[in-house]
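Under our numbering, think of the first position of the sequence shown as 214, with each following residue one higher. What follows is one structure encoded as structure tokens, with my remarks underneath.
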Amino acid sequence: MTSLRLRLYSIFTRLVIKPWVQRVNDPAQARQAFEKHARRMHVHPARADYRNGVIGKVPVLWASAGPVSRPEVLLYLHGGGFIVGSPDTHKHMVADIAGSVGMEAVIPRYRLAPENPFPAGFDDVLEVYKGLLARGLRADQILLGGDSAGGNLALSLLAYLSCKNEEMPLCAFVLSPVVNLEGGYDSLKENAQSEVLLSADRFDELGKMYLGHQDCGQDCASPIHAKFDRCPPILFHHCNGEILRDDTLEMQRKLVSKGHDVLVRSWPNAFHVFHIMRGHFPEARAALDDVSAFLKARLTSSGN
């Protein structure tokens, strides 16, 4: 049963936030609004700790909550349509996940489009991953996560590592990722009305802003096209009523056909990356707990 708080917030999102998403045209204005919303609305876990740093040439934010008892690191890639978002808009959620497992998380402040089109953001993510290895971490001591556009970047990183036959993270989780910038799947039209946050009409526009003049079919732009000969265990979350529902389902089919370990959780009455509203309704808490349980299970089964 859907909680009253989630139902009320979904109504607010549909009536207030979605119309704004449909009409805003200035990336700087959109970023400022997202950051302001995060400061006002996001609930931070107890004993949350954040500190800025640099890995390679990429600014990062380290996030944790409570004692850090494990050597592993969660590498988390924030969403925001490749245009908005930052470690600051997602740090409360990432600290929650990392703290529940007893580790630190690192969130790259990757370059955003349209000022820095593809592959700038991906290059930053790859530099941070290789920078963690250069600091002495083994690949199986890195856990990978991302949401929406950050989920695209996470899958693109896995696609790159598979193609280059390089070491993979221990596991990954992705929340409602974008997997195909060449064009949306059926849910883009089918869920245009049920989607309470994103605008189906602006899908192609955002893709063009991110890609610039680059080919949208590249593996590291649209990871659905990658071979994925190798892939670590991966958890997907998606919502039935969102326009990106089929991105998860198509990627699931592809990875399963390759024989990879894939787990998909569907949240029937929630909205796109509702996890970010931790502390506001129980569904967000349950979803974050599911992510934490997945990470703990992978750490246990690996013997780390």
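Just so it is clear, CB atoms sit at the ideal spot from N, CA and C, and this is done for glycine as well.
Give the range of the alpha helix (DSSP H) segment to which residue i is assigned.
i	result
residue 505	495–515
residue 487	Counting along the chain, residue 487 falls outside any alpha helix (DSSP H), and DSSP gives it neither H nor E.
residue 360	It is not in any alpha helix (DSSP H) - residue 360 instead sits in the beta strand (DSSP E) that spans 355–360.
residue 400	399–403
residue 308	300–314
Just confirm the distance between the C-beta atoms of residue i and residue j, as a whole number of angstroms; I'd bet it's less than 8 Å.
i	j	result
residue 459	residue 373	About 24 Å; that fails the 8 Å criterion.
residue 331	residue 366	Rounded, the Cβ-Cβ distance is 10 Å, inconsistent with contact.
residue 364	residue 387	4 Å
residue 464	residue 296	About 22 Å; that fails the 8 Å criterion.
residue 503	residue 466	Wrong, their Cβ atoms sit about 21 Å apart, outside the cutoff.
residue 369	residue 394	Contact doesn't hold; Cβ gap of about 11 Å is too wide.
residue 409	residue 457	Incorrect: roughly 13 Å between the Cβ atoms, too far for contact.
residue 320	residue 505	The Cβ separation is near 17 Å, so there is no contact.
residue 196	residue 322	Summary: the structure shown does not reach residue 196, with the chain confined to residues 214 through 517, and so no result is reported for it.
residue 476	residue 441	That belief does not hold up - the Cβ atoms of residue 476 and residue 441 are roughly 16 Å apart, past 8 Å.
residue 247	residue 298	6 Å
residue 302	residue 243	Wrong, their Cβ atoms sit about 11 Å apart, outside the cutoff.
Under a Cβ-count criterion, where at least 16 other Cβ atoms within 10 Å of its own Cβ denotes burial, should residue i be classed as buried or exposed?
i	result
residue 351	exposed
residue 233	exposed
residue 236	exposed
residue 267	exposed
residue 495	exposed
residue 491	buried
residue 305	buried
residue 273	buried
residue 265	exposed
residue 455	buried
residue 501	buried
residue 470	exposed
residue 225	exposed
residue 516	exposed
residue 337	buried
residue 451	buried
In whole angstroms, what separates the C-alpha of residue i from that of residue j?
i	j	result
residue 484	residue 361	12 Å
residue 429	residue 413	18 Å
residue 513	residue 384	12 Å
residue 283	residue 396	41 Å
residue 261	residue 300	14 Å
residue 521	residue 380	Because the chain in this structure spans residues 214 to 517, residue 521 falls outside the shown range and cannot be described.
residue 270	residue 339	11 Å
residue 290	residue 358	6 Å
residue 382	residue 347	14 Å
residue 239	residue 326	12 Å
residue 315	residue 376	32 Å
residue 487	residue 355	25 Å
residue 345	residue 217	42 Å
residue 403	residue 418	19 Å
residue 307	residue 276	7 Å
residue 511	residue 214	29 Å
residue 400	residue 453	9 Å
residue 424	residue 389	20 Å
residue 431	residue 438	7 Å
residue 378	residue 445	13 Å
residue 448	residue 509	12 Å
residue 258	residue 294	25 Å
residue 497	residue 221	14 Å
residue 281	residue 256	20 Å
residue 415	residue 349	42 Å
With respect to the beta strand (DSSP E) encompassing residue i, which residues constitute its N-terminal and C-terminal limits?
i	result
residue 321	317–321
residue 479	475–480
Kindly examine the ligand PLP and report whether one of its heavy atoms sits closer than 6 Å to the Cβ of residue i.
i	result
residue 357	Looking at this structure, you won't find the ligand PLP or any other ligand, since it has none at all.
Could I get the ranges of all uninterrupted beta strand (DSSP E) runs contained in the stretch 217–288, with 3 residues as the minimum, in chain order? Entirely contained in the stretch 217–288, the beta strand (DSSP E) runs reaching 3 residues are, in chain order, 261–268 and 271–278.
Could you name each continuous alpha helix (DSSP H) segment of 4 residues or more that falls completely within the stretch 414–473, going from the start of the chain to the end? Correct list: 416–424 and 458–470.
Go through the stretch 339–396 residue by residue and report every complete run of the beta strand (DSSP E) that reaches 3 residues or more, in order. Along the stretch 339–396, the beta strand (DSSP E) occurs as fully enclosed runs of 3 or more residues at 355–360 and 384–388, listed in sequence order.
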